[in-house]
Structures are given as structure tokens and as C-alpha cells.
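Here the structure comes first, spelled out in C-alpha cells, and everything after it is commentary.
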Amino acid sequence: MNTTRAKASDYTRKQLGCAAAVLVCLTLCSIDAYAQPKLTPRAYRLADAAYKSIADGNLPRAESYAERAWNVPPGSEQLGLLLLDVYVREGKTPEADSLAETLLERFPESPQVLAQNGFLAQRQQRSQMAFRYLSAALEKGKWTTEQQRTLRLAWVDSALTAQRPDEAEKALAPLADQTDAAVQLRLAQTRLIEGDRQSAVSAAQMALDHATTDADRTYAQAIIDQAHNAELQETQAAATAHLQAAYDLLRERKDSQALEEFQAGFDQGAGTAGNYADAAYAAKRTFDNERSVKLFEQSLDADDKEHAFDAQRRFGYKREVEELQREWGFQLSLPYQTAAFGPEGTVDVLQPGFEAYWQPPKIGYRDGRILQFFVRGYGTAYDGAGNVTSAPTIQGSVGVRYKPLPSQNLVVTGERLFKIGSLSTNDFLFRLGYSSEDGTDLRVTEPSWRSWQAYVEGAYFVNAGRYIIYTELRYGHTWRATPISEKLTVYPHVALAGDHDNKATDQTALGIGPGVQFRFWFRESKYRAPASWADVTVQYRFPLTSAARARGLVVRATLWF
């Protein structure tokens, strides 16, 4: 009996997973069939940027663009549905619910908004609300035959989950003569709930005869085997109730309690890939990293059967796992510049360096807040001006850095410089850095994409009384070198770099020029995105100021592990 129950549960997850997959596709694909107000140029640009960010897997940036687009008067239905899609992808249940209600108030007669609300409610196990919205969407919309079928099957699924076979009958009525497994399996479920086991077996047998997948055959046989077993239905209803309770708690921002309800539902055999992902984000917000990783892995496993996520979305969940599991690492760098920072004002230098860091378990990563302890060493291997190189120049340091904001890359660093070589120094160094970027991670669904980076950092050497403000901006386009490797990217760009050094003869330096970066990603696994990369960046800078360090060739080789 347990084996059959598991098979039935698997099929139910597949049904709900497929409904989640068409959450946006159905409404946005059909929206062109209805008159839509023309977007303003600004709203169009923001919406286009949001779509590109979704394709990039950068959901926080997509959310920012979509929110700004939605706030452009008068706030079109299309832009509201776009923002709702982003919220759903991010697992932001309260925000998604609030926006869905707003859209419904503003566009109460829109079949797309009704359908969107229906699929959202179905994803959150609010089944009665789901079938009401879906049936209303069918009544008001001019859908294609295939879209009507999709809506009706989703209506059936919600009605069955809510133990409303009467509603399932209404939804199935126009489809009941179809012999394909998708319809007949739902008809069999409906008959089973109504207590008409003979009709349930008849419909399940027809589904078995016309099934084209192993999953459909397995579930059809499960219905036949369990037609006389009411316990299965009771267990499924209890499991679904737990999931519904979990989403109710998420809307109240009670993540810890929601997690317990999710787990109770999962333990009883319910849950889609999307449900596991939503639970994983809830665990992440409660700083339970191990549990979050396990749930993301279960989401990916479930999607292996459901195929509800596209490749980039799966990659995004794998990146979440990689970030949650990271506890240590190191970086090797080998930068060569025909100009460089330094008290001596030297040019034409090669300065290799090494850093190892430790990110403590539990406290090292807390929902995007990062704490790391590190040790580093660096020195001068070559100096074209003839200054001292090698051992006398080796500088050591030990320190700590902290990223206090989950969604902003602001980093505060404090470190103690200690003398190793005879020409190095003892000092305290404090740094404050901020960066923003887009398109720097690997993308698995696009051959090329726009990329940019902006970085600014202020550094203060306490004993020396020296401060340096450094900034670099890059803008370009990244290509995957697929003929060589799916993990190799090429990034030609334009770079603007500069600094202000109060101890330098020419205090301000600024240069601009072309560059290219070659990066190879590695250490990817079934559940983790590539955790390491090696790259080589070559730039040539033309000076915008008179400082010598603002011009010339810059070559950097970096291994991030």
C-alpha cells in the first residue's frame, strides 16, 4: 500500500508542477489577443531590462526593473503580470499575493489576471480560491482550444485538491469524451472521491490503455489497485492541508512555522518542485543553511521528474546551494601593470598575491549577510624601475570582512598588516567597498549576454596616514566559447579605472581603454553551480590625467577556488 501511495503522490506532484510551469506562460502568451495600452518608452525599456535579467537569472535586478516599470503611470496589466512573475520566481509569497490582489482590484474583468491569480493560488494550495479564479478566467476569456484545455485541467486539479468533485465534474464535462490519459486519470480521481469505484476503475483502465508515459501508466495502475482504499485519499488530503497551512504562514512572514508545515506535507507524500524551492527559501531566511540546501536539492530532484523549471532557473537554485555551502576558499592573483600603486611611485611591476579565507558555519552566511576571516600575503616579483623585489617586499596581513546587507554588495574590512620582508610594514588597514554588476555569472541558456561591473573602494592606512580611493567600471558583452567548452567565456569590454592617493606625487589618476577577459568555470556538481574559476584579463589604458600609473598595459591572472 505504501508503494502505491507514493506512486499516486508522485503523479499529483507532476500535475501541480506542470500547472506552476504555465503560471506566466499561459497569461503572457495570450495577452496579445486582447487590447493592451501601449507602453511608454520608459516603461518599455524597464520591462525589457527586467526580461533580460530574468533570462540572466538575476532575479533581484529583474525585480527592481519590473517594480520601476510597474510604477510608471498608469501601471499596465502586462507590467503587473511581469512583476508578479518575478515575485513568484523569487519565492516572495507575501509580495506576490499583495500584487495579485492589486491586479485583481484594478483589472477585475481581465481573464489573464484571473488566470494568474488562479495559478498562484493553486501553487500555494489555496485550492478553492484557485478553481474559482480559473473557472472565471475561462468564462471571460477568448482562449485557444489548447489554452482552454490547460485551464480546465488546472481547474480540475484544484477542485480535486479541495475535495470538490462537483467542481471537477464541471471542469471535465467538455473533455470527458477525450480518451487521453491526462483527462481520464482526472476523471478516475473524481469518480474515486465520489465513491464510484467502478467508474474510477473504468476511467483508469482507459487511461492505462492510452498512456504514453511510464508516470501515467504507474498512476493509472495505482488508481486501479487502490480503488477500494479510502485511506489513500485521506492521507493526500491531510498532506495538502499542511502545504496550504505553510503558505498561509508564509504570507504572515512566519517562516519557521511554515517550514514545519511544509515538512509535514512532504513527509506525507505531497509537494512539487516549486513547493520544495519555496520551503528552501524559507529555511534560508531563518538562517538554517543545512536545511535550505537539502530542500533545494529535493526541489532539483523533483524537477527531474516534473520538468517545471527551465535550465537557468535550475542553475539559479544550484548557485543558491553553492553559496549556502561555501565555508572556505582561496585566491591566487598575478597582476602585471606598467603602472601601479605604491609609496615608491613605481611603474612596470609584477605583484603576485595569495589569500585564504574561512567563512564560519552558521554565522558565516546568513541570508546574504557574509562574515569571513582571512590571511593574505603579497609582494613584488618584478620591478621595471630596478627597485628591490622578492623576499624583502613580502607583506602579510590578517583580517575580517563583513557584508551586512543581504541584497547590496557593501563590504566592510579591517585588517592588521604585519611585516614579513624587511621593506614591508606594520599597520592597520580599514576598507569600505561597494560593487554592482550584471552578467558576470555563467549563463546556461544564452550564447551571449550584456555584462557590466562597477566597483569603488576606500582604504585607510592608520599609521601611515594614507588613504586611497579606487574605482573601476567595465562595460561589454560576454560570449560562451561553446566550440571549446560550455564553461569558457570571453568578455571584451571597455574599462574606466582610477584612484586618488593622498601620498602620491600625482594624487589623482584616471585612465580608460579596451580590455578582454577569458574565464573558465569549474567544480560544478549535480546540485552545485561552478564554485571556482580561473581567468586572465588584459587591458590597455589611455591616461585621462597626468599620473603615470593611469596609463599602459594591465594583465591579471586570477584563480578563485
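With the UniProt record's numbering, letter number 531 in the sequence shown gets 531, and the count goes up by one each step, no holes. The C-beta atom is built at its ideal place from N, Cα and C for all residues, glycine as well.
- Looking from the CA of I394, the closest CA among F354, F430, L432 and P404 belongs to F354.
- Ranked by how close their Cα comes to the Cα of A171, the residues Y133, Q205, V444 and L208 have Y133 in first place.
- From the listed residues A481, I193 and A548, the smallest Cα separation to F520 is found for A481.
- The three-state secondary structure of I223, taken from DSSP, is helix.
- Contact annotation: F561 and F330 have beta-carbon atoms nearer than 8 angstroms.
- Rounded to the nearest whole angstrom, the C-alpha separation of P404 and G433 is 12 angstroms.
- Proximity to D441 across R186, Q408, K362 and P530 peaks at P530, based on C-alpha coordinates.
- In this structure L332 is not in contact with L488, their Cβ atoms being roughly 19 angstroms apart against a cut-off of 8 angstroms.
- Taking all protein chains shown into account, F522 has fewer than 16 neighbouring C-beta atoms within 10 Å of its C-beta and is therefore exposed.
- By the beta-carbon neighbour count (other beta carbons within 10 angstroms, threshold 16), V412 is exposed.
- A residue is called buried when at least 16 other Cβ atoms come within 10 angstroms of its Cβ; T213 does not meet this threshold and is exposed.
- The way I'd put it, the stretch 507-521 does touch the stretch 532-542; three or more beta-carbon pairs between them come closer than 8 angstroms.
- The shortest C-alpha to C-alpha distance from D427 to any of R319, A121, V398 and A176 is the one to V398.
- When DSSP reads this structure, L192 sits in no beta bridge, so it has no partner.
- With three or more CB-CB distances shorter than 8 angstroms, the stretch 296-307 counts as touching the stretch 268-287.
- In summary, D216 is buried, with 16 or more beta-carbon neighbours lying within 10 Å of its beta-carbon over all protein chains present.
- Each residue's CA atom was taken as its position, placing A258 and Y281 some 11 angstroms apart.
- The residue from T545, G439 and E472 with its alpha-carbon nearest to that of K52 is G439.
- For N409, the three-state secondary structure derived from DSSP is strand.
- Residue environment analysis places N289 among the buried positions, since at least 16 neighbouring C-beta atoms fall within 10 angstroms of its C-beta.
- The Cβ neighbour count for W328, taken over all protein chains shown within 10 Å, is under 16; the residue is labelled exposed.
- If the five residues before and after T389 are omitted, its C-beta is found closer than 7 angstroms to the C-beta atoms of T380, A381, Y382 and D383, all from its own chain and listed in chain order.
- Within its own chain, the residues whose Cβ lies closer than 6 angstroms to the Cβ of L334, once the five positions on either side in sequence are excluded, are P352 and A557, listed in chain order.
- S127 is positioned such that its CB atom lies no closer than 8 angstroms to that of W155.
- Contact between S451 and T478 holds: CB atoms are separated by about 4 angstroms, below the 8 angstroms threshold.
- The criterion of a C-beta distance shorter than 8 angstroms is satisfied by A50 and A69.
- With a contact defined as Cβ atoms closer than 8 angstroms, A204 and A188 qualify at about 4 angstroms.
- When secondary structure is reduced to three states using DSSP, L417 falls in the strand class.
- Going by C-alpha positions, L79 is about 27 angstroms away from L153.
- For F266, the closest of V554, Y247, H242 and E252 by C-alpha to C-alpha distance is H242.
- In this chain, L82 is not harboured by any beta strand (DSSP E); it is covered by the alpha helix (DSSP H) spanning E77 to E90.
- For secondary structure counted as the beta strand (DSSP E) over 3 or more consecutive residues, the stretch 419-480 holds these complete runs in sequence order: 427-438, 448-461 and 466-480.
- In the structure shown, the three-state DSSP call for L496 is strand.
- The beta carbon of A391 lies closer than 7 angstroms to those of G421 in the same chain, with the five residues before and after it left out.
- Under the three-state reduction of DSSP output, P108 falls in the coil class, being neither helix nor strand.
- Assigned with DSSP and collapsed to three states, T489 falls in strand.
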